[in-house]
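Visitor: Numbering (our numbering), first residue to last: 1 to 588. We put the CB at the ideal spot given by N, CA and C, even for glycine. Please read these numbers as outputs of a predicted model, since none were measured by experiment. Have a look at the structure that comes next, please.
Okay, here's the thing in structure tokens:
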């Protein structure tokens, strides 16, 4: 019998052997010379390694000029309203939880005037600051730190004597806005009385908690003020005057108290027609100009960021920075001593009245890694979060924060992305944050895979992570990889065990029509599916850590010109995050 082998088949066989050789080369840490001569380190061309990589992420750790900044803790503050419970403990990673307290003065939508700190007793106005200290103490008693107190809704007594009308007349506020979504959004009826009230409130805090303690807290005037009429039913000029009046009252008691305000993003377009018959867009840039012109103090300006998974441009970090942030921070009148911050954040599916439906899958973990890179690149100092843990389970984004937490203090290095894939508008976004310890030869890299347009889970991407470092050519190191993906998100484990949760109701499954695939099981599944989920969720271990490989030995790769590289291939699943830890043997 004759056996014929075509030239094409021979070529295919050779390519297969070359791929196997490449994998062996990378996983053992040996060069061609090392393969032939044993454990020694040989010379190899870095650019010839792992031709199967879809994306190469690389950083040059040998050039000081590529150092950007350090990883700082921008994710340690929880935002809670007056309804919030100190039992809703966020993912703290061993830190004391910090709270930004909203609507502490009263003026709530429930019209519960008993909870107000300023009241009309029938003959005169009285202060009742014990209402505020009760709300503050409930946090302190549960071992939270007060990070910031928000001076937003005026108590209801500040509406006394106002004439409200049905249609805009340019003089009187609108009756329909007397009680907005979140309560009293009208300016105080008497600005002098408001100033005396705020001054008295600050004096009460100092007397009750001590001057040094209160100075450790920050104060914010208003919440998302240009979201009208929900948070403010007057004009921009009226808010600026209100802000200035409030700052003067606070500083009359504590001249060094940190204070600022909170607006919408720079691109925000208002649709609300106020009592003057006008609409107003984002206040932030106007505020920056006005504050400089009138020498008005601010320590920070914040915006909110609620990216919708259904709106690709809201997940485009370059677009978000250029359109929503840079017009504020690069404004010629910007106070260079002030911080720019984000005081409300959640990755969401949709907004609801007074709330939202959030993304509950690994999509949120990979999005937060991408968001973190923007935060660190542009020195955005804080992001305040709504709940990121429930019943001991970390939300997916909190797992990414856990990975970042172990990188705090590390120097950040610029990195390059070499994308070898065919150009495609819906390609996965693959990038990373490259860091090095300031105390030794420890390298931590956080990489992520996200897609703004296609939320299905695709085949993993082949990624090369390459670190150019200064180290002896005979050095060896260990590395391990921690993963966050759909396999270690609690309710996604449920989906994998119960396939009917992935099938539409119309096909006999449990998945409801019209609900986004990233929603929580309680929203996504029908009654039968929810029952099975509730009966089984206790089986899934609490999501409180990454999924780690064992430590693996590896060797340095040396180029002909003497450059030394750490080269690590990995497979990065869709909507996943990986933390790669590289430790030279002496540091293990």
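Less than 7 Å between C-beta atoms, sequence neighbours within five positions excluded: which residues of the same chain meet that for residue 386?
Guide: Only 79 and 346 meet the Cβ criterion.
Visitor: Quick one: what's got a C-beta closer than 7 Å to residue 357's C-beta in the same chain, skipping five residues either side?
Guide: Excluding positions up to five away in sequence, the list reads 348, 349, 350, 519 and 523.
Visitor: Could you give the distance in angstroms between the alpha-carbon of residue 576 and the alpha-carbon of residue 409?
Guide: Spanning the two alpha carbons is a distance of roughly 24 Å.
Visitor: My understanding is that residue 233 touches residue 173, with C-beta atoms under 8 Å, so please give their C-beta distance in whole angstroms.
Guide: 6 Å between Cβ atoms; contact.
Visitor: Where does residue 569 fall in DSSP's three states?
Guide: If DSSP states are grouped into helix, strand and coil, residue 569 belongs with the strands.
Visitor: Pull up the distance between the alpha-carbon of residue 202 and that of residue 254, whole angstroms please.
Guide: Using only the alpha carbons, I get a separation of about 8 Å.
Visitor: Given residue 494, which residues of its chain have a CB within under 8 Å of its CB, disregarding the five upstream and five downstream residues?
Guide: Excluding sequence neighbours, residue 494 sits near 501, 521, 533, 536, 537 and 540.
Visitor: Using 8 Å for Cβ pairs, my map puts residue 433 next to residue 420. What's the rounded Cβ distance?
Guide: With 8 Å as the limit, residue 433 and residue 420 do not qualify as a contact, their Cβ atoms being about 21 Å apart.
Visitor: Rounded to whole angstroms, how far is the Cβ of residue 382 from the Cβ of residue 74, which I believe are closer than 8 Å?
Guide: Sure, about 5 Å apart at Cβ, within 8 Å.
Visitor: Roughly how many whole angstroms lie between the Cα atoms of residue 221 and residue 119?
Guide: Approximately 20 Å between the Cα atoms of the pair.
Visitor: Please name the residue in 81, 477 and 167 whose C-alpha comes closest to that of residue 581.
Guide: Comparing Cα-Cα distances from residue 581 to each of 81, 477 and 167, the minimum goes to 477.
Visitor: Going straight from the alpha carbon of residue 496 to that of residue 62, what length do you get?
Guide: Cα to Cα, the separation comes out at about 44 Å.
Visitor: If we count the other Cβ atoms within 10 Å of its Cβ and call it buried at 16 or more, is residue 27 buried or exposed?
Guide: Confidence at residue 27 is low in this model, with a pLDDT of 35, below 50, so the placement of that residue is unreliable and no value is reported for it.
Visitor: Which full runs of the alpha helix (DSSP H) of 4+ residues lie inside the stretch 213-287, going along the chain?
Guide: Those alpha helix (DSSP H) runs which fall completely within the stretch 213-287 and span 4+ residues are 236-253.
Visitor: Nearest-angstrom Cα distance between residue 559 and residue 312?
Guide: Going by the C-alpha atoms only, they are around 41 Å apart.
Visitor: Going by DSSP, name the residue or residues bridged to residue 357.
Guide: 350, per the DSSP bridge assignment.
Visitor: Going by other Cβ atoms of all chains shown within 10 Å of its Cβ, with 16 needed for buried, is residue 171 buried or exposed?
Guide: Exposed, because fewer than 16 other Cβ atoms sit within 10 Å of the Cβ of residue 171.
Visitor: Helix, strand or coil for residue 486, going by three-state DSSP, please let me know.
Guide: Reduced to three states, the DSSP call for residue 486 is helix.
Visitor: Hey, could you find the ends of the beta strand (DSSP E) residue 537 is sitting in?
Guide: Element bounds for residue 537: n/a, residue is neither H nor E.
Visitor: Quick one: is residue 243 buried, meaning 16 or more other Cβ sit within 10 Å of its Cβ, or exposed?
Guide: With 16 or more Cβ atoms within 10 Å of its Cβ, residue 243 is classed as buried.
Visitor: Where does the unbroken alpha helix (DSSP H) through residue 137 begin, and where does it stop?
Guide: First-last of the alpha helix (DSSP H) with residue 137: 130-140.
Visitor: What residues match up with residue 432 in a beta bridge as DSSP calls it?
Guide: 447.
Visitor: Determine, using beta carbons only, whether residue 145 and residue 96 come nearer to each other than 8 Å.
Guide: Taking 8 Å as the Cβ cut-off, residue 145 and residue 96 qualify as a contacting pair.
Visitor: Just the C-alpha distance for residue 557 and residue 467, rounded to the nearest angstrom, thanks.
Guide: If I take the Cα positions, the gap works out to 10 Å.
Visitor: Report yes if the C-beta distance between residue 109 and residue 179 is below 8 Å; otherwise report no.
Guide: In contact: residue 109 and residue 179 (Cβ atoms closer than 8 Å).
Visitor: With DSSP run on the structure shown, which of helix, strand or coil describes residue 35?
Guide: Caution is warranted here: a pLDDT of 26 is assigned to residue 35, below 50, making its placement in the model unreliable, and the coordinate value is therefore given only provisionally. Helix, per DSSP.
Visitor: To the nearest angstrom, how far is the alpha carbon of residue 229 from that of residue 274?
Guide: C-alpha separation (whole angstroms): 8 Å.
Visitor: Candidates 516, 287 and 194: which alpha carbon is nearest residue 249's?
Guide: Among 516, 287 and 194, the Cα nearest to that of residue 249 is on 194.
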